[in-house]
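Student:
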Amino acid sequence: MTTAQPQELDVQPTPLALLLLGREADPRSERGVECPGDLPAPSDPDLVARARAAKEKLGDKVFVLGHHYQRDEVIQFADVTGDSFKLAREAAARPEAEYIVFCGVHFMAESADILTSDEQKVVLPDLAAGCSMADMATAEQVAECWDVLTEAGIAGQVIPVSYMNSSADIKAFTGRHGGTICTSSNARRALEWAFQQGEKVLFLPDQHLGRNTAVRDLGMSLQDCVVYNPHRPNGGLTAEELRAAKMILWRGHCSVHGRFTLDSVNEVRARIPGVNVLVHPECKHEVVAAADHVGSTEYIIRTLEAAPAGSKWAVGTELNLVRRLANRFAPEGKEIVFLDRTVCFCSTMNRIDLPHLVWALESLAEGTLVNRIQVDKETEHYAKLALERMLALP
Numbered sequence: 002m003t004t005a006q007p008q009e010l011d012v013q014p015t016p017l018a019l020l021l022l023g024r025e026a027d028p029r030s031e032r033g034v035e036c037p038g039d040l041p042a043p044s045d046p047d048l049v050a051r052a053r054a055a056k057e058k059l060g061d062k063v064f065v066l067g068h069h070y071q072r073d074e075v076i077q078f079a080d081v082t083g084d085s086f087k088l089a090r091e092a093a094a095r096p097e098a099e100y101i102v103f104c105g106v107h108f109m110a111e112s113a114d115i116l117t118s119d120e121q122k123v124v125l126p127d128l129a130a131g132c133s134m135a136d137m138a139t140a141e142q143v144a145e146c147w148d149v150l151t152e153a154g155i156a157g158q159v160i161p162v163s164y165m166n167s168s169a170d171i172k173a174f175t176g177r178h179g180g181t182i183c184t185s186s187n188a189r190r191a192l193e194w195a196f197q198q199g200e201k202v203l204f205l206p207d208q209h210l211g212r213n214t215a216v217r218d219l220g221m222s223l224q225d226c227v228v229y230n231p232h233r234p235n236g237g238l239t240a241e242e243l244r245a246a247k248m249i250l251w252r253g254h255c256s257v258h259g260r261f262t263l264d265s266v267n268e269v270r271a272r273i274p275g276v277n278v279l280v281h282p283e284c285k286h287e288v289v290a291a292a293d294h295v296g297s298t299e300y301i302i303r304t305l306e307a308a309p310a311g312s313k314w315a316v317g318t319e320l321n322l323v324r325r326l327a328n329r330f331a332p333e334g335k336e337i338v339f340l341d342r343t344v345c346f347c348s349t350m351n352r353i354d355l356p357h358l359v360w361a362l363e364s365l366a367e368g369t370l371v372n373r374i375q376v377d378k379e380t381e382h383y384a385k386l387a388l389e390r391m392l393a394l395p
């Protein structure tokens, strides 16, 4: 369980007002993508100056982390950019920083809190910045799933492997049951380790990363995989189906990467002759199978860095990053386009905008701690156990 501590206010604002201000979350909403055609214009230059002033005033007391999917206006203030796990480790490597301001989403801030010291305080500028994928697996649902596996007589054979893009509660469940965490970079190693510990894997919460890793990297068949749907009795599966499966995939997905289709791949190949299709492994299996290159966010960046001048790329990942890479490599003659013709951003990543960042930094500079993300000690213990198993992977 985590607690998020909003700023103390003299008045009692309505829940809607708190939600709009980013100081409260709406647990009923599915957080995912929005397709506005474009982002709003860059924020007022005064906000840029205010962010700089507040950050300078805080000095070494603050360390700002920026996920690759953040807006340019926010990422410019990051001391380090990267994927979720890299950023959490960077936070842990800065024990002198009293405040860790995480420009990302809720599960990332939780991971940073788990890996940093008790003296450090992790701040999420907007508490409504969640993750649709992480929200698709709750502690209660996963506990019920484990009961189903127990009733089927296979729980003792199952090792849970949870994607980094999961809540602290799910990471703690994984730690309690002898499992490990994985990233999109080391999912293969994590699954290989898991199959040395048991006969089956329960993969949480992204079915596509689990399926793609099992089939592409470990040579399993699609028939070795079943999908557990938490909204159906017994996950929508019979005991026989569970006993026959090697990979029990949670019915979760990334709302951004799940938008890409095989039609997207075929259309871009027809439109741009000679294009290389580069996608994230959170995409659907048929998209990954049709792509030329598949890998994590860091892999995508490295691949484009190493690409020859004049090469053409269609990239299937979040649009803020794709646009940033297109602008970065345009002078080298590399043509980089978004895989889908529909312009879609991760709506929750984009909740972290410059006004929220300014509010958080100025509050901290004035001595007021806002929007702290804090994982309780028991959850932290077991979640950290699962993370440490990942760090120990060969």
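Numbering (this note's numbering), first residue to last: 2 to 395. By construction, the Cβ of each residue, glycine as well, lies at the ideal position given by its N, Cα and C atoms.
#1: Whole angstroms are fine: how far does the CA of Leu305 sit from the CA of Asn235?
#2: Give the secondary structure of Met109 by DSSP, where H, G and I count as helix, E and B as strand, and everything else as coil.
#3: So Ala93 and Leu394 are in contact, right, with Cβ under 8 Å, and what is the actual spacing, rounded?
#4: Whose C-alpha, out of Phe346, Met165 and Gly311, is nearest the C-alpha of Asp136?
#5: Have a look at Lys56 and Ser167 and give me their C-alpha separation to the nearest angstrom.
#6: Verify whether the separation of the beta carbon atoms of Gly317 and Ser256 is less than 9 Å.
#7: Report the rounded CA-to-CA distance for Ala240 versus Asn351, giving the unit in angstroms.
#8: Quick one: using the 10 Å Cβ neighbour count with 16 as the cut-off for buried, is Thr151 buried or exposed?
#9: How many angstroms separate the CA atom of Thr343 from the CA atom of Gly199?
#10: Hey, quick one: how far does the alpha helix (DSSP H) through Thr304 stretch, first residue to last?
#11: How is the alpha helix (DSSP H) around Ser163 delimited, first residue to last?
#12: Inspect the CB distances between the stretch 367 to 387 and the stretch 124 to 138 and report whether three or more fall short of 8 Å.
#13: CB-CB under 7 Å to Cys226, same chain, minus the five flanking residues each way: which ones, in chain order?
#14: Please return the same chain residues whose Cβ sits closer than 7 Å to the Cβ of Ile182, not counting the five positions on each side in sequence.
#15: Is it right to say Phe64 is buried, meaning 16 or more other beta carbons lie within 10 angstroms of its own, or is it exposed?
#16: So, for Glu242: in the same chain, excluding its five sequence neighbours on each side, which residues have a beta-carbon less than 8 Å away from its beta-carbon?
#17: Would Leu223 pass as a contact of Ala188 if the rule is Cβ separation under 9 Å?
#18: I'd like to check one pair, Asp170 with Thr380: are the Cβ atoms closer than 9 Å?
#19: Suppose the cutoff is 7 Å on Cβ atoms and the five residues either side in sequence are ignored; what does the same chain contact list for Phe330 look like?
#20: Run through DSSP, which three-state label would Phe339 get?
#21: Taking only the alpha-carbon atoms, compute the straight-line gap between Lys313 and Val295 and give it to the nearest angstrom.
#22: Is Asp293 closer than 9 Å to Ser186 when the C-beta atoms are compared?
#23: For the alpha helix (DSSP H) containing Tyr383, name the first residue and the last one.
#24: Helix, strand or coil for Lys285? Go by DSSP, reduced to three states.
Tutor: Concretely, from the data shown:
#1: Counting from one through the sequence shown, the residue named residue 235 turns up at place 234. Counting from one through the sequence shown, the residue named residue 305 turns up at place 304. Within the model, the alpha-carbon separation for Asn235 versus Leu305 is close to 44 Å.
#2: Position 108 of the sequence shown, counting from 1, holds the residue named residue 109. The answer is helix: DSSP assigns Met109 an H, G or I state.
#3: Taking the sequence shown and counting its residues from 1, the one referred to as residue 93 is at position 92. Taking the sequence shown and counting its residues from 1, the one referred to as residue 394 is at position 393. So it is not a contact: roughly 18 Å between Cβ atoms.
#4: Here residue 136 refers to the residue found at position 135 of the sequence shown. Measuring from the Cα of Asp136, the nearest candidate turns out to be Met165.
#5: Indexing the sequence shown from 1 puts residue 56 at position 55. Indexing the sequence shown from 1 puts residue 167 at position 166. Answer to the nearest angstrom: the Cα atoms are 30 Å apart.
#6: As a first step, residue 317 is located in the sequence shown; it is residue number 316 there, counting from the start. As a first step, residue 256 is located in the sequence shown; it is residue number 255 there, counting from the start. No, Cβ-Cβ distance for Gly317 and Ser256 is not below 9 Å.
#7: In the sequence shown, residue 240 corresponds to position 239, counting from 1. In the sequence shown, residue 351 corresponds to position 350, counting from 1. Cα to Cα, the separation comes out at about 42 Å.
#8: Your numbering for residue 151 matches position 150 in the sequence shown. Its Cβ having fewer than 16 others within 10 Å, Thr151 is exposed.
#9: In the sequence shown, residue 343 corresponds to position 342, counting from 1. In the sequence shown, residue 199 corresponds to position 198, counting from 1. Distance between Thr343 and Gly199, taken at the CA atoms: about 42 Å.
#10: Residue mapping note: residue 304 aligns to position 303 of the sequence shown, counting from 1. Looking at the DSSP string, the run of the alpha helix (DSSP H) that includes Thr304 is Thr298 to Ala307.
#11: Within the sequence shown, the letter at position 162 stands for residue 163. Counting along the chain, Ser163 falls outside any alpha helix (DSSP H), though it belongs to the beta strand (DSSP E) covering Val159 to Tyr164.
#12: yes
#13: For this step, residue 226 is matched to residue 225 along the sequence shown. These residues qualify, in order along the chain: Arg212, Ala215, Ala246, Met248 and Leu250.
#14: The sequence position of residue 182 within the sequence shown is 181, counting from 1. The answer, listed in chain order, is Ser163, Met165, Lys172, Thr175, Ala387, Leu388 and Met391.
#15: Reading the sequence shown from its first residue, position 63 is the one you call residue 64. It counts as buried.
#16: Taking the first residue of the sequence shown as 1, we reach residue 242 at position 241. Same-chain partners within the cutoff: Val227.
#17: Numbered from its first residue, the sequence shown carries residue 223 at position 222. Numbered from its first residue, the sequence shown carries residue 188 at position 187. Cβ atoms of Leu223 and Ala188: not closer than 9 Å.
#18: Taking the first residue of the sequence shown as position 1, residue 380 is located at position 379. Taking the first residue of the sequence shown as position 1, residue 170 is located at position 169. Going by C-beta atoms, Thr380 is nearer than 9 Å to Asp170.
#19: By 1-based counting over the sequence shown, the position of residue 330 is 329. So the qualifying residues of the chain are Leu305 and Ile337.
#20: For this step, residue 339 is matched to residue 338 along the sequence shown. The three-state reading of DSSP puts Phe339 in strand, counting E and B together.
#21: Here residue 313 refers to the residue found at position 312 when the sequence shown is read from its first residue. Here residue 295 refers to the residue found at position 294 when the sequence shown is read from its first residue. Spanning the two alpha carbons is a distance of roughly 16 Å.
#22: For the purposes of this step, residue 186 is taken as residue 185 along the sequence shown, with counting starting at 1. For the purposes of this step, residue 293 is taken as residue 292 along the sequence shown, with counting starting at 1. Contact flag unset, no.
#23: For this step, residue 383 is matched to residue 382 along the sequence shown. Its alpha helix (DSSP H) spans residues Lys378 to Leu392.
#24: By one-based count along the sequence shown, residue 285 stands at place 284. Three-state result, Lys285: coil.
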